[in-house]
Structure formats: structure tokens, C-alpha cells
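Residue numbers (UniProt numbering), protein chains in the order written: chain A, 1 to 323; chain B, 1 to 366; chain C, 1 to 706.
To start, the structure itself, in C-alpha cells.
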Amino acid sequence: MSRAPIRTSLIAGVGVLGLALSACAAETDGDSASGGDGGGAKEVTIAVPSWVGAQANAAVAAHILEEEMDVKVDIKQMDEPVAFDALHGGKADAILEDWGGVPKKEELYVEDKKTVVEGGDLGVTGHIGWFVPKYFADENPEVLDYENLNDFVDDFKTSESGDKGQFIGAAPSYTTYDKHLIKNHDLDYKILPTGSEAAQLKEIQRLYEAEEPFLTYWWDPQWMNAQIEMVEVELPEYTEGCNEPAEKTECGYDTLMLQKYFNADFAENGGEAAEFLKNFQWSTEDQNEVASMIAGEGMAEEDAAAEWAAEHEDVWKAWLPKS
Amino acid sequence: MSTTEHAQGAATEPVFAVRNLWKVFGPKAERIPGDARLGELSAAELTARTGCTAAVRDVSFDVHPGEVFVVMGLSGSGKSTLVRCLTRLIEPTSGTLHIDGEDVRAMDKSRLRELRRHRAAMVFQHFGLLPHRTVLDNIAYGLEIQGMGKVERRARAEEMLAKVGLDRLGDRRPGQLSGGQQQRVGLARALATDPEVLLFDEPFSALDPLIRRDMQDEVVRLHREEGRTMVFITHDLSEALRLGDRIALMRDGGVVQLGTPEEIVAAPADDYVRDFVRDVPREQVITLRRAMRPAVGDEAITGAVLPPSTRVVDAIEAVARTGEHVRVGEDGNVLGVVCHSRLLSVVAGLDSGHGGEPRGEKAGAI
Amino acid sequence: MSAPALEKRDERPSEPPTETVSAKEPAARPPGPAAALAARLAARPSALLVALAAVLVLVSAFVTGSGAWPAGMTVDVTTPLEDLNAWLVENRDSHWLFLYFLLHVSNNAELAVDSLIGLFEGLGWVGVTLLGTVLAWYAGGAGLRPRALRTAATALGVFLVVGVLGMWDPTMETLALMTVAVAAAALLGLLLGIAAGLSDACDRALRPVFDLMQVMPAFAYLLPFVLLFDIGVPSALVATVIYAAPPMARLTSLGLRGADPAALEASASLGASPWQRLRTARLPLARKEMLLGLNQTIMMCLSMVVLASVVGSGGLGDVIYRALGKVNVGQALTAGIAIVLVAVLLDRTTAAAGARLEESETRAPSPAAEAPRKAGTRPLLRSPFTVSPGRFARLRGWPSWLGLGALAAVLSALGPRLGEEEWPREWTFRITPYVNDATEWIEKSLGSGVPVVGGTLTWAEGVTNGVLNPLRDGLNATPWWALLVLVAALGWAVGRWRAALTASAALGVIGVLGLWTKSMDTLSQVLVALVITLLLGFAVGVLAARVPRVERWLRPLLDTMQTMPQFVYLIPVIALFSVGRMAGIAAAVVFVLPAVIRITAQGVRQSDPAALEAARSMGATTRQQLLQVQLPLARRSLLVAVNQGVVLVLSMVVIAGMVGGGALGIDVITGLSKGDLALGLPAGAAIVCLGVLLDRLTQPARTEGR
């Protein structure tokens, strides 16, 4: 007998809730016409991968867009491949830092479908390589030549790698040829599949603090470089096309200018916001400064961006659209 | 252990001596027994006032060697709690408790274990058999706990199996037996340790009436053969009357009346007990010792002689056949007589209710 | 080098309950252990079979030395999957399937979530807190009853703490996504559950589907969903619904099937049509189970919402994921606490609603009726037919709902004017630095150099060298056909033909997919994680069952372990165990342990009290009670614990891949993050196959009633 009142009250509740919902939906619809109708977007969505450098880019861009230009910024976390899909579909307007990890998608969307456009250099130089900690390199300078790596197998041995040396691998979404390099140079090493950047960073932090020897895939810019000193192991020099096909790769990694990409529609109709992001360009040092504030000191992203912006007005003034 | 002829109520030391035993469940239970004002409250009032339930309140009794002591009461009267207090399966709240003169409440863990292993064994309402063991291993379980070797305990278990009439079923699992058979296993398990006392906690109430009857006969037989002391919990009055040498009737945790079946039926202590025994066929419980009156005139000379332990129902037959009174005699003395009116008043229940009526045995002594 | 592991596996199946050799004829020379073993085995054909298969495995492993699945017998699934992948990418803007169906699904999902976020923003933090508190209060039965007040206070506390932690915005996003996901999952689960509850054919057909939905790692199908539904909210939502619907469906079906047959008969005898019967008798009778299902669905939605942040769904998962990139445990934990709090809020609210339901079905609570239960005696017999105080419930129901609606309307109108959309920033308190200090201290002091025991890093290395490596190498050294025989024999011993066939088919599929070696690696990790979990879980579970105080202390800890997103403790786990398979195993143990402990404790506690009392009355020691009575009687529960352990450990394979577990887990992750369907999906399928295999081998057969 108590069922009837429960049901009616449910209906009533849902009804009221529905009313409120639709009212709000109507209200929000007005200002959320995002991404590029007409003269300038009021809201921009930036896709950000999980690493801190990229978060620094987005945080600074968002800070200035919101404070100086009154554009609302939505920062969405997603990995490179997904981010390209998002750019293509209009779910995101911009990627500020691309390492060229998904050439196939890049080609499909930029060349074939023309839904994504290049946005120019970020200004930061990216470099990937094989690294050992400085304390180890200082004692064993020979390790810095890849041809001698087989002599150090015993130093790099762990329970995971068995009787081979351990090579700390990259997170799965990162660009690597390590598997092929190890095979093609007959190196007696086994890759430790770290599975995520966080895992790799933590492992390196741990080993570094314990001053144990290790050999790892590593890159710059990387906020942790402010805390630890690493030395690169020399691989055969990169030449154009030496890593194609990947299976035949014998050379080291290229040094690349990190790229920005925009949704085509946003690039065209995004107005001042789009212009600002096209102008956005800073140096590796700038990025590292913000990144180590975020990661090293544990500051909130917004706070780190605000602090950097306060000190580097000259840099970001140049990004503002000239109107 | 096999001597049966302990005179009841004799000066021998009681097996269990229980004095002012309390078991209170609930917050700060230990304050209840000492508090006279709380002790007077009814069960419902006590719960409302303190949040505590007194499952056993101020119970005292002795269990004599060789007797079957029945504790009976309705469900919730505290009888199952009481029997568990005897071996401290439930820890009493206060009171004293002795077994063969030894203070049970003062026992340490190992001594208590000793008591449970060798001196008292229990039979449970829901059997408590281990479904993953064979019947034989179930019976031997108590011996296994004691640390007896496998061969020896199995042999002993076989013996017990035969004793309860389950030979050839030793390899089965409890789940494959009927309820009655399972309880026989429970009984055999208790007997296997050759305990001084057997404790029965409503052992037959989960069984069908016919099987229950069988099992009661089994207990009577065992008692006759071995004379083991038994404490028997039941909510079934006829079972209590059938088995008990003495009965303690419990209500709301307290003992309302303690006496032989005959005393309880013939002289209920209060209305509650009277209500309880109302439907009992009195002629089957009350004996001539209670029904007789002093002989008048020459009555002491004529008529058939029956012993005072004869039940009224049997005397009726004799009186009906001869048409005259019957003499009640013992050791050549005439204690008194019963005539048909006397017997009829027993059947009609007119003799009871006068607790103060002089007892026949005293009136007609020698 | 592979010998130790193989010997270990040989012993396990052939070891009967530990008893010494039967000594019925003491005169005869005691038979050698081997002869006794043989005699024992001969008496039990299934054990004999398993022992023979184990011997075969041992011998063949030594003879051949390597036995991966032959490459010739694999089927190439990569090419068609790559084609599919390419087709999806190519056609998603033009094909009718997308334009007229999937696009609408996405848009509606997104709209619903956005509207909710809009509503929350419109209400402002004051409004949301008030509304949530009132809702919880109503769910708890309204009025001034202790339960209603307790539930309301919980809700109020949760909202305030979330605000103080500075997690207000992401929590609102998560709540919005959750609300829509729970609604969709519950509806889907309800429909499937009704189908399975009413029709045996449906039940048979849906059962494996539910299994698949739960065991298939979400990472494996998140990718296709991104392609089908677009990134962000829609695919997160669909993935969540798929993951979270099965419990609702299962429990609904269970409730429908378990309904009191007498009541159903009565309703049929009154001439009710099937629809009337469903509506008036069967569904109401299954309400309790359905509510339990809803509760579980909510919890699973919550764990999935975090994972879904990988595809850009935002919310608290996003915060955790970003904190990971900075190796900032404190930040991740802050968001993790918010998740746990949301879980507590939703769990308590649904539980209170459930308790209210139960109460209205039985009787009004009176202090007199509750007291004896508290006092430790048996509860009074409760009749399900006593009339509930419906009139009061009715009176209380209406105004509170109306009031609630009015409150929502007023608050959303006023909210923006109050100017407090977001939690004021100065009212937040960052626990991050403290947590990080604490974590660092733990990492430093437990990692290595602990006197005597050596520290976690040393253990990790020991287990890896001593158990994991030999086990993996042993599995890989064993010829595939010998393993198939062993699995079939084990399956036969457990569940006769059906189990033998299913289990070996599952193993076969792994081979055919070409993932044999990786699967053996994963299998070795799963087995080790399982053994560690079971050892710990049984020990703690038994302790909890026997010592009520331990259980009281454990409960909040277990709740937290189960609801805390795994991402949060990945970093400490790495610090303590170093990147590698042991880190993955440790994470899995943390995640699975609560379930095993709970099932064990419950099983031990619920073992027939009469049997335990009988043992006590005979003077059994604690040890004897445990070994001879409680554990044997709890055998079924322990088997359930093993089975649940298997399923849960497998669900952690992918997470383990994120901290160096490698093998199948990393393939799934790589597949997702590289957008490679052909890599992720087969690896996901292999994990499912391992799940089916282990599930069948640990599921107690129904025929086994000896």
C-alpha cells in the first residue's frame, strides 16, 4: 500500500528535476556555442597529453586567454592518438605540443581529410635518446658509446631482466625504436615495459636516489631534468629516413621542433583565440620553468602559470593578437 | 560408573551444584544480578529499563548422580542458555557452579577443556554434525579432539555405532541419514567419550513424533543400562514427564517449580504451572502414595495390596475389577487405602491445588 | 632451471587432505609414501587423471624444453582488425550508421551530462550541498529518525569535505557523469535482468555475455568506442554502462527467480495476467535484490568513471591521471579521497533506502522489538505480512518531495545571484604536501634495509627470482599440448566434460590468437598474485571472523581499498616494489584482498553454529575448531573466494601493465594509447580466455555432492 505514494512522489520528483534541467540546459546553450562560429570563439578546448610539459603549455595559454582575452578555456586530458581524433571531430580545438607519435593519423587528417591543420612550431625542441645517470657515467665513461653497452650488462641486470641487462622502456604511447635498435645492434638487453610515464619517472627517481646504475629511454624537455642529471648514450647519428621502416632502424632519434595542431574550423573562424594560439611560442627553458613549478614544487597549474606570466610579460605580450 | 542404585536426594555429593546463577545479555550486564530492585522487574520491564535481557535469573539446583534432571520451559525461557552455562559454553554472569565439588567458574582454560573433553558431553537440537566427515569419523570426533589414536578411536566409535543401532552406516555422510539417524550419531558421539554427565539440549524437538518416541525409549534404555547422569532440556511436557526423575520448570529465566513429575502435576506451584500441566493425563503420573488416604475401620485388613509407586491408572483397573478399595502396602506395612472415589478425584483433578495437603507418605509412616 | 616450478605444480593436485597413511593393519610393513599415494590416487579416478597429466607435463617439459604454440596453427586476426580500424576512421563522418544512430547516442549522452553539470553550476555549491543532503535525508526515511539524520549528516559531511579538499569542480563533473551512467546502466541491467529472470533461454544466453562484459578489460574496448562514439563523455558513458550493468541484471534476475513461490501462486490463482503478475508480484518481491544490484552498479560505475578519464571524460579521474604524470601522490590521493567519499555517499544513501524498504515490508521499529536483538539473543520472528505504517509514510513522502522540488527550483534561481557557483578558494585546504611527506617516509623506510625481514624491494626481487621467473619459464617450457591435457584433466576433475571442454577451448583460442607466450607470462603473474592474495585473505578473513574487533577495524579499511582508484596507489607501489611484474602483483593484491577477506570471514562466520558449538562442548581447542570445523564447513565460501579472486586479479592485468607487468596488459594499453585496434583487442580477448579458463577450473561443480 505504500507503493503508490512512492511512485507518485518519484514522478513528481523527476518532473521537477526535469523542469530544472531543461531550464538550465536552455540557459547554458546560449553561451556554449563553442569552437569557431563567426567572429571569434568564446570558449576553447585544448587537448593535453599526460606529461607535464604539455600541461605547462596549456596552463599558460589558458591563463592568458582567460585573464587577458576573456576566453573560457577547457583543458581536456587525452593521449596523442585520441587527441587527433578529437581535433578531427571538433571535440578539441588545439594541441600545443605534438611529438610526431602518430604519423598515420596525422597524414589522414591533415593531408587527406583536411580537418586538422598545422599550427606551427611551439618553439620547444624535443629530443629523445638513451640515457644513464651522471654518477654512473662519471665512473664508467665507456658506457656512453652504444657499442660498449654489452660490457655493462652485469651492471644493468635485475630480477626482471634475468641474465640480460635491463633497459627501462618508454610509456606505450611514446615514440620508440628501442626494440629494433637492441635487436639490430645485437645488444644483450631486455626492455622493461614501464607501462606509463608515471611508472617510468617514479622508477628513475627511486633508482637515482639509491644511486643504482640504470639505462633508460629519456627525453628533453622533461621537468625531472631539473632534479636529476642524466647523460646521453651515443647512438648512430640520425639521418633523414633512417628509421623507415621501423624494423630496420639502426640510428638514434631525431631532434625535433615540437608542433602545434588545430582543428581546421577553429583555425579559420576562431578569431582572436585562434590567432593567439598560432602566435603561442616559447622556449624550452620557459616550459621547463613552469613544468618544474608544477611537478617539482607541486604547485597548482593555474598558480604556476600565473607566476610565470607575471615575470615574463615580454614573452607573452608578443602572442596577443594585434587588433 | 555403572552403578544405578544411588538413592535420590541422598547425602552423596551432587554432580552439579548450581547456586544463584545469572546470565544477563546486554550492556553492562554484570550490574543486574547484584541489584535487588532490578531483579524484581519483569523481563519486559528489565529490557525497557536497561536494554538487558536476563536469560537465566537467580537459578539454584542440584543434579544428583544417576538421575535424569529435566529442565523444561517454553522457548525463550532460558533453558538452553542454562545448560550451556553448565560447561561455560556461555559464560555465566554471576552465581556459583560446581561439578563434583569443583568450582567450574574458577577453572582455567585447560581445566575447562578437560571438563568438556572427559566429564560432560552434549547432544544438540540441530545435531551439529560435520557434513564433510563420515558418520564414524563424526562419532570419533570427540576422541580425536582428545588426541586418541586413529585405530583406537575408530574401534570405539564402531562400538558406539552399534550401541545406537546404526551398524553398517559408518561410512555414510551425515547428509545421507534421516533426522533420527543423525541424532543417533549425535548421541553416539556424546557417549563415545564416556562422560560422567550427558547434557541434552532439546535433542528430539526437530524430529517427527514417532521417531521422537523411539529416541526417548533409546534414552530410557541407555539410562537403565548405564545409569549415567543426564541433564535434559526440553519444551515438551510429555517428554519431560516420561524421562525426568526431577523436573525444573523455567519461565522468563527463573525456575518456577522444581520437583518430581508427580509433584509438579499434583501440586503446581502457581497458576502458570497449573496451566501448563492442565492437559496431562494425571492418572498416568500420580501414584498411590499421593492418592491414598488413611485406612478407616477394617479397611486395612481386606482388599488387594499394591505398592505405593503404582500409578493411579493401574490402581483403577484393580479397583474396577474387585469393586472395592485397594490397600497400599510396602514391606508388609499398610500405608493407606484408595477407593474409587479417591481415584476418580485424581482423574478429575480435584485433589490438586492444595499445596499444603499433608503428604501421604508422612501421614501413614510405618 | 624450470624444475622447481614444475615440481610445485605437480604436488598441488595430487595432494589429498593431509592425513597420515592409513594404519589399519599395523602388523604390515608401513607402505612407502609412493605406494600409499598410488593407492590413494587409484581410489579417486579424477585425482589419478590429474596426477597423470601433471607427470606428462613434467616429463614433456624436460624432454622438449620449449613448447610455445606452433606458429602454423595461429589465425591472423590483425589484418581484419586493422581493416576495420581503418574503415571506422574513414567512414565515421559519412556512414549512415554514424549519422543516424551513433551520433544521436553520443549527442544525447553528452547533452544529458552537460545539462546536469549546468544544473549543478546553477545551484551553486550551497544549493548542491543542500539538495544532496535533503535527498539523502529522504532516502533515509525522512523525519527525525536516527537513520535519516545519519544519512543526511553523511551527505553533508561528504560535500563539505570535498569542497575543503578543493575538489569541488571535478567532483561535480564526476557526479554528473555518474548520474547519467548509473541511470543508463540500471535501466539496461533491469531490462536484461527481467529477460533473464523470466526466461530460462534468455538466462542461458545472457550469462556468458555478462561474464564477458565483466572480465573483458575496459581498456580493450574503450578504443573501439572512441571510434564509434567519439572521445570524451559518450564513449566513457557507454563503456561504463557496459561494465556496470551486469550486477544489476544478475541481481534482478536472481530476485525474480527467488521470489516466494506461494505469493506468485496466489497471484496466479487470482487470475493475474503475466504482465500484472510481473508488475504486482514479481518485481515488488524482487525489490530488495534490485536495490542491492543498484548499489553494486553504482560502485562499479564509479570505478569505471575514473578509468574513462583516459579518453577525455574529465572529472576526478582526470585529476588523478594528471597527478600521475607529475608523480604527485598527494594530489592523486586528494582526488582519490573525493572518489571514496562519493562512493560512501552513494553507498550509504542506497543502503539507507534499502533498509527503509525492508522495514516498510516488515514492521515499524519499536525500541522494544530492537532491544533483544542488540542484547545478543535471537531476533523475534518477523512476519512479512504485518502492515506497515503506510499512512504516515504517505504523509511524509509528499511534502518532502514537493519541498525538494521547490528547493531545487528556488536554489537554481537564486544560485547565480548568490555569486557562489564554485566552492570559495580560500576555504580549501591542501593536504598534498603532508601526504607526499608521509608517502616518502613510508617508501624510504619500507623499501629496503628493514632489519631481519629485508624490506619490500628485497622481497620483490626474491619472489621474482624464486617464483615468478621459474614459473613463467616452466610454463613456456611446457609443450602446448601437454598443458592442454593438464587443463582438460583439471577441468574434468572439477566439473566433468563441460568444464574440461570449455577450459581447454579457452586455452586453444589463446594459442590460435598467437598470444601463447605472452599469455603464459600473464598467467604466471596471475597465479602468483592469486596465491599471495588467498594466503593473506584467508588468514585475515579467519581472524576477522573470529575476533569481532578486528573486523570492526578492518571494515573502513577494506571499503577504502575497494573504492580507492587503483591509479592512486600505483606510484607508492612502484616505490616499494620497483617497476616490474611484482609491482603489478602488489597492486592486484591490494585490489583483490578485500573481496577475499570478506567472503572468507562471512563463510567462516556462517558455518553451522551447531557444529561449532558441538566441537566447543567437546573441548576442542581454538586450532581444532578452526581446522576441523570452521574451515571445512566454510569450504564452499573459500571456493567462492578463490573464484572471485581469479576474476578480480584478471581485471587488474591491464593496470598491472601500467607499472611494468608487461605481457598482455601492456598490449592492451598500447593498443588504446596508440589507437591500434589490432593490438589491443586480441590481447583483451586473451585475457578473457584466461579468465574463462581459470574460472572454470575454480568453479565448484554442481554435480559434486558426494
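Think of the CB as a built atom: it goes at the ideal place given N, C-alpha and C, for glycine as much as any other residue.
Model, not experiment: these values are computed from the prediction.
Burial state of residue i (16 or more Cβ within 10 Å)
i	result
Phe429/C	exposed
Trp441/C	exposed
Pro203/B	buried
Ala686/C	buried
Asn333/B	exposed
Ser366/C	Note that Ser366/C scores a pLDDT of 39, beneath 50, so its modelled location is shaky and nothing firm can be said.
Pro246/C	buried
Gln287/A	buried
Pro470/C	buried
Glu704/C	For Glu704/C, the predicted model reports a pLDDT of 39, less than 50, meaning its position is unreliable; a value from the coordinates is still stated below. By the 10 Å Cβ count, Glu704/C comes out exposed.
Glu107/A	exposed
From the options, residue whose alpha carbon lies closest to that of residue i
i	options	result
Arg133/B	Glu13/B, Asp171/B and Lys79/B	Asp171/B
Arg153/B	Pro14/B, Asp194/B, Thr234/B and His126/B	Asp194/B
Ala55/B	Ile32/B, Asp62/B and His64/B	Ile32/B
Gly323/B	Glu91/B, Thr302/B and Thr47/B	Thr302/B
Ser309/B	Gly26/B, Gly336/B, Val296/B and Asp201/B	Gly336/B
Leu145/B	Gly124/C, Leu446/C, Gly619/C and Gly258/C	In the sequence on display, residue 145/B carries Ile and not Leu. Comparing Cα positions, the closest option is Gly619/C.
Val55/C	Thr133/C, Thr78/C, Gly140/C and Pro479/C	Pro479/C
Val116/A	Asn243/A, Asp98/A and Gly123/A	Asp98/A
Arg189/B	Asn138/B, Phe232/B, Arg342/B and Glu91/B	Asn138/B
Trp22/B	Thr93/B, Arg251/B, Gly329/B and Ala269/B	Thr93/B
Thr79/C	Leu677/C, Gln699/C and Arg696/C	Leu677/C
Leu256/C	Asn107/C, Leu192/C and Val226/C	Leu192/C
Leu191/B	Asp208/B, Glu218/B, Ala318/B and Ser205/B	Glu218/B
8 angstroms contact criterion, which residue i and residue j should meet: CB distance rounded
i	j	result
Thr350/C	Ile431/C	That pair is no contact at about 28 angstroms.
Pro103/A	Gly660/C	Their Cβ separation, rounded to whole angstroms, is 27 angstroms, which puts Pro103/A and Gly660/C out of contact at 8 angstroms.
Val485/C	Ala53/C	5 angstroms
Cys689/C	Val509/C	5 angstroms
Ile294/A	Gln55/A	6 angstroms
Thr334/C	Leu165/C	5 angstroms
Val306/C	Ile337/C	Not confirmed; about 13 angstroms, so no contact.
Arg311/B	Glu283/B	7 angstroms
Val59/B	Gly254/B	7 angstroms
Ser673/C	Pro172/A	5 angstroms
Ser159/A	Glu461/C	4 angstroms
Ser80/B	Ile233/B	6 angstroms
Glu13/B	Asp100/B	6 angstroms
residue 707/C	Trp492/C	The first residue shown for chain C is 1 and the last is 706, placing residue 707/C beyond what the model contains.
Ala226/A	Ser292/A	4 angstroms
- Any chance you could list the beta strand (DSSP E) runs of at least 3 consecutive residues sitting entirely within the region 207-247 of chain B, in chain order? 229-234
- Message: Which runs of the beta strand (DSSP E) at least 3 residues long sit entirely within the region 32-63 of chain B? Give them in chain order.
- Response: 53-63
- So does the region 297-312 of chain A actually touch the region 127-140 of chain A, counting three or more Cβ pairs closer than 8 angstroms? In short, these stretches do not touch, since the Cβ pair count stays below three.
- Curious, which full-length alpha helix (DSSP H) runs of at least 4 residues does the region 236-294 of chain A contain? 264-269, 271-279 and 284-291
- Inter-stretch contact at 8 angstroms, needing at least 3 Cβ pairs: the region 305-321 of chain A / the region 60-70 of chain A: In short, these stretches touch, since the Cβ pair count reaches three.
- Between the region 321-332 of chain C and the region 280-297 of chain C, do at least 3 Cβ pairs fall closer than 8 angstroms? no
- Task: For the region 452-490 of chain C, list the beta strand (DSSP E) runs that are entirely contained and at least 3 residues long, ordered along the chain.
- Result: none
- Task: Jot down the residue ranges of each uninterrupted alpha helix (DSSP H) in the region 63-142 of chain B, minimum 4 residues, whole runs only, in chain order.
- Result: Complete alpha helix (DSSP H) runs here, min 4: 79-86, 109-114 and 135-139.
- Query: With contact counted as at least three CB pairs below 8 angstroms, one residue from each stretch, are the region 561-568 of chain C and the region 585-601 of chain C in contact?
  - Reply: yes
- Between the region 193-209 of chain A and the region 648-663 of chain C, are three or more C-beta pairs nearer than 8 angstroms? yes
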